[in-house]
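Below: the structure, in structure tokens.
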Amino acid sequence: MKDARWLAIYLPRLATDRLIRAGRAPADDRALVVYAKQANAYQLTGMDARASALGLRLAMSLADARAMQPSLEAVEADPEEDGRALDNIAAWCERFTPVVVLDSPEGLFLDITGCGHLFGGEEHLRQHIVTRLRAQGFVSRAAIAPTPGAAWAFARYATRKAANLRDQLQASLGSTNEDVAAKLSPLPVEALRLDPQPAALLRRLGLKTIGQVMQAPRSSFTARAGAQAMLRLDQALGRAQEALSPRRPAPMVFALRRFVEPIFSAEAVLKVAEDLCADAAEKLELRGAGVLRAELILFGVDGRDRVIGVNVSRPLRAVKPLMRLFREKLNVVGENLDAEFGFEAARLDVVRLATIDESARTLAGVEETAASAEQISSIVDILSARLGPKRVLRAQVHDEHAPERAAGWRSALGKSKKSAPVVQPARDGVQRRPIRLFAPAQIIEVMASVPDGPPIRFRWRRVTREVVRAEGPERIAGDWLKREIMRDYYRIEDKQGRRYWLYREGHYGEGDAAPRWFVHGLFA
Amino acid sequence: MSPRLAPAEPGFAGLAAIMAAQPLHEAGPAGPGAEAAALGFTLALAATWVGPAGLFWAGEDAAFGEEGGPYPVGLAQYGIALDQLIVVRAKKRDEALWAAEQALAARGAVVICALGAQGKPLDLKASRRLLLFAERSGSRCLLLQPANGPSAAWTRWSIAPAESESEDPRDLGLPAFAAELTRNRAGPSGARFTLEWNAHERRFAERFQEKCEAVFRPEVRQA
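Here you go:
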């Protein structure tokens, strides 16, 4: 593991901040608390700064709090809404790094490894996040450390009393585990992210600080206080790996830019996209890989993101063709970019990639008479980017009897999963299947017919057609599992030479009803 | 790519050889109900020309018909190599034209640009663009449009289905067309041909009687 850097965010007043932001701040300077039913009693689970200043504390019963402060505004907790608010903040944080982990109910982890320099250093980034969150109405504390555990501890327990200490910590926090250990030592055991029971047990054992836990004899201690404390300690110190799952799967390759001034115009966006593509191309080159799907994420000053995705049919690394795709895509979404307040950051995620077979690349100029497969697939990419992948298609043939299931169309992006049966023209050049198929088949009115034979005259699209020639029947059995009725197909030519593919449903004279006739396709 | 003016051999075969060297041609149905024939004629021309760069078929939704669409099994039987075919279904006409222009950038490609019956015929500028794109990259464009308007295409063909020749009412035979050359920038127009498409050989054949007529008529005049 290279020098990882984690930023932990703690939102101590998430529940009340959210309510105030939603316009539910109490009038006349009254304090706001949030309560929930715990162990058969209403307890305070959140409060604003005013309530804290009045001496109210978390886990206090609502009745006691009301007794102390009769003017209190109390709102029942809504964990779902709080979760949504946390997720929104997490989404907003993705402008700083693609790896944002939800640490419910009131925290976040950001993997900022290698991101600090984009924001003028880690400390600038930390302050920037806290300031911006405050501007949006959320009180937060944030700390940076080599492990999520240590960052979590510093964000929560290097508290007001230790505010100076925390700033010192931030200014000088080294990346070696010894430094982290030294700085964790004075913090209380709760800073180890423990469940209440192990924490209480440690305190009963007289272990009040992390330093004391570190010095306690490990073997006997583990057995008595449970594995959690030791695991958390090892994780905080980087001695044990911690698997955190990001809110969204982390892209395999990404490039990030933050702008000093917001950008507005499509040209500026394209310029940035080009820079990001160049960055990503460099990283891809090291892996010998190319893009299959890339997403350009534009982070609006208004806190909303726009995502512009492009798909590539063959792994691609060159900036120019990638930019052609983004340009086409931006042409389409251009009007909807809605850059009213501008964008303050942009990120390019390579969501899917594949290795590029360098040996298979044709030399430029070798094939002059025909476009290479690469050129064809780049045209497919451009067409798909602008029109959508469902409108740029390749044929697919299946091993099925029913004509409507024997073939179809799929996106020309990507490869077909299985090898399809190859259909060749018949030796006599005669057409057994139409070039155009109706889906569903269209019902026709047969005006005269030979029993168990083809029609003599029929009406379709309000025109009566005289049958001159008819080939058939070709019997196609339906899927009996799906209770499909057998069909008798005829190739028909009318007086004008027009050719149809008709079928009769079921046997003639089966049951009382006259058999139904359909036109399923047209021949050339 | 300078088109030769004099056919090396008479009849449709000679004309087709000249057409192969010209980058933009146009076809349309001779009347209502002839749409499938016009499409068949266009696909057949494309199948005779297609090379390693493949075939693009870009059309607006209206040109594909409102229900259903091209049927891969039938197309393959018709002589279209499915692994070489890319179909682009555009919502609007200008998107279809744009897609055709993009596809024409592929050197050696054959591009069918199919327009629906609705709306005005394509303007001269749009067809000139197709011609330019095709000339620039050595690709070929077949414009399938029902409406007949001013166009930069080298030829326009008006296509109707032709009846089978077979005596047997239970035998349809090969796909057959009555093709009329209604516009020809490189020579006289007005020629009519009855053509049969042999998908296996990927070749048009002219119907025998008309060839006989063409051969014997001068002798009658001499007499």
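Those sequence lines, one after another, are chains D and Z.
The opening position of the first sequence corresponds to residue 1 in this note's numbering, with each subsequent residue numbered one higher.
The opening position of the second sequence corresponds to residue 525 in this note's numbering, with each subsequent residue numbered one higher.
Every residue gets a Cβ at the ideal spot worked out from N, C-alpha and C, and that includes glycine.
None of the values given here were measured: they were computed from a predicted structure.
Whether residue i touches residue j by CB criterion (8 Å)
{"i": "residue 380 of chain D", "j": "residue 353 of chain D", "result": "no"}
{"i": "residue 232 of chain D", "j": "residue 194 of chain D", "result": "yes"}
{"i": "residue 244 of chain D", "j": "residue 109 of chain D", "result": "yes"}
{"i": "residue 500 of chain D", "j": "residue 522 of chain D", "result": "yes"}
{"i": "residue 11 of chain D", "j": "residue 32 of chain D", "result": "no"}
{"i": "residue 689 of chain Z", "j": "residue 429 of chain D", "result": "no"}
{"i": "residue 133 of chain D", "j": "residue 85 of chain D", "result": "no"}
{"i": "residue 255 of chain D", "j": "residue 279 of chain D", "result": "yes"}
{"i": "residue 559 of chain Z", "j": "residue 669 of chain Z", "result": "no"}
{"i": "residue 687 of chain Z", "j": "residue 497 of chain D", "result": "yes"}
{"i": "residue 371 of chain D", "j": "residue 605 of chain Z", "result": "no"}
{"i": "residue 262 of chain D", "j": "residue 101 of chain D", "result": "no"}
{"i": "residue 619 of chain Z", "j": "residue 387 of chain D", "result": "yes"}
{"i": "residue 297 of chain D", "j": "residue 347 of chain D", "result": "yes"}
{"i": "residue 720 of chain Z", "j": "residue 703 of chain Z", "result": "no"}
{"i": "residue 105 of chain D", "j": "residue 82 of chain D", "result": "yes"}
{"i": "residue 593 of chain Z", "j": "residue 617 of chain Z", "result": "no"}
{"i": "residue 638 of chain Z", "j": "residue 587 of chain Z", "result": "yes"}
{"i": "residue 210 of chain D", "j": "residue 189 of chain D", "result": "yes"}
{"i": "residue 492 of chain D", "j": "residue 470 of chain D", "result": "yes"}
For residue i, the residue or residues it bridges with in DSSP
{"i": "residue 312 of chain D", "result": "DSSP, once it has assigned bridges, lists no residue as partnering residue 312 of chain D."}
{"i": "residue 345 of chain D", "result": "D/258, D/299"}
{"i": "residue 47 of chain D", "result": "D/33"}
{"i": "residue 640 of chain Z", "result": "Answer is none; residue 640 of chain Z lacks a bridge partner."}
{"i": "residue 622 of chain Z", "result": "BP columns for residue 622 of chain Z are empty, so no partner."}
{"i": "residue 489 of chain D", "result": "D/474, D/503"}
{"i": "residue 494 of chain D", "result": "D/467"}
{"i": "residue 289 of chain D", "result": "D/355"}
{"i": "residue 583 of chain Z", "result": "Z/613, Z/638"}
{"i": "residue 111 of chain D", "result": "D/6"}
{"i": "residue 42 of chain D", "result": "D/37"}
{"i": "residue 718 of chain Z", "result": "Z/702"}
Exposure label - residue i; buried when at least 16 CB within 10 Å
{"i": "residue 150 of chain D", "result": "buried"}
{"i": "residue 286 of chain D", "result": "exposed"}
{"i": "residue 748 of chain Z", "result": "Residue 748 of chain Z lies beyond the residue range present for chain Z, which begins at 525 and ends at 747; the question has no answer from this structure."}
{"i": "residue 311 of chain D", "result": "buried"}
{"i": "residue 584 of chain Z", "result": "buried"}
{"i": "residue 648 of chain Z", "result": "exposed"}
{"i": "residue 651 of chain Z", "result": "buried"}
{"i": "residue 313 of chain D", "result": "buried"}
{"i": "residue 546 of chain Z", "result": "buried"}
{"i": "residue 17 of chain D", "result": "buried"}
{"i": "residue 553 of chain Z", "result": "buried"}
{"i": "residue 480 of chain D", "result": "exposed"}
{"i": "residue 464 of chain D", "result": "exposed"}
{"i": "residue 71 of chain D", "result": "exposed"}
{"i": "residue 520 of chain D", "result": "buried"}
Separation of residue j from residue i, as counted between CA atoms
{"i": "residue 350 of chain D", "j": "residue 61 of chain D", "result": "51 Å"}
{"i": "residue 364 of chain D", "j": "residue 599 of chain Z", "result": "With a pLDDT of only 47 at residue 364 of chain D, under 50, the local geometry of the prediction cannot be trusted, and no value is derived from it."}
{"i": "residue 281 of chain D", "j": "residue 601 of chain Z", "result": "44 Å"}
{"i": "residue 437 of chain D", "j": "residue 318 of chain D", "result": "41 Å"}
{"i": "residue 120 of chain D", "j": "residue 136 of chain D", "result": "22 Å"}
{"i": "residue 217 of chain D", "j": "residue 182 of chain D", "result": "18 Å"}
{"i": "residue 441 of chain D", "j": "residue 574 of chain Z", "result": "31 Å"}
{"i": "residue 88 of chain D", "j": "residue 45 of chain D", "result": "21 Å"}
{"i": "residue 407 of chain D", "j": "residue 597 of chain Z", "result": "6 Å"}
{"i": "residue 443 of chain D", "j": "residue 566 of chain Z", "result": "28 Å"}
{"i": "residue 9 of chain D", "j": "residue 94 of chain D", "result": "13 Å"}
{"i": "residue 252 of chain D", "j": "residue 316 of chain D", "result": "15 Å"}
{"i": "residue 422 of chain D", "j": "residue 397 of chain D", "result": "8 Å"}
{"i": "residue 454 of chain D", "j": "residue 460 of chain D", "result": "15 Å"}
{"i": "residue 697 of chain Z", "j": "residue 548 of chain Z", "result": "30 Å"}
{"i": "residue 435 of chain D", "j": "residue 534 of chain Z", "result": "30 Å"}
Near the ligand MN: residue i beta-carbon under 7 Å from a heavy atom
{"i": "residue 373 of chain D", "result": "The ligand content of the structure shown is nil, which means the ligand MN is not present either."}
Any chain C beta carbon closer than 8 Å to residue i
{"i": "residue 546 of chain Z", "result": "The structure shown has no chain C; the protein chains it does contain are D and Z."}
* For the region 447–477 of chain D, which residues have a beta carbon sitting closer than 8 Å to at least one beta carbon of chain Z? -> 463, 468, 469, 470, 471
* Using a Cβ-Cβ cut-off of less than 9 Å, list which residues of the region 630–651 of chain Z approach chain D; keep chain order. => 630, 631, 632, 633
* To do: Could you name the residues of the region 658–672 of chain Z whose beta carbon sits closer than 7 Å to any beta carbon of chain D, in the order they occur along the chain?
  => none
* To do: Check each residue of the region 373–391 of chain D: if its Cβ is closer than 8 Å to any Cβ of chain Z, include it; give the result in chain order.
  => 375, 376, 379, 380, 382, 383, 386, 387, 391
* With 9 Å as the C-beta to C-beta threshold (strictly closer), list the residues of the region 683–696 of chain Z near chain D in chain order. => 684, 685, 686, 687, 688, 690, 692, 693, 694, 695, 696
* If you measure beta-carbon to beta-carbon, which residues of the region 599–630 of chain Z are closer than 7 Å to chain D? -> 599, 600, 601, 602, 603, 606, 609, 610, 611, 612, 613, 614, 619, 623, 626, 627, 629, 630
* Closer than 9 Å, Cβ to any Cβ of chain Z: which residues of the region 409–435 of chain D, in chain order? -> 409, 412, 420, 422, 423, 424, 425, 426, 427, 428, 429, 430, 431, 432, 433, 434, 435
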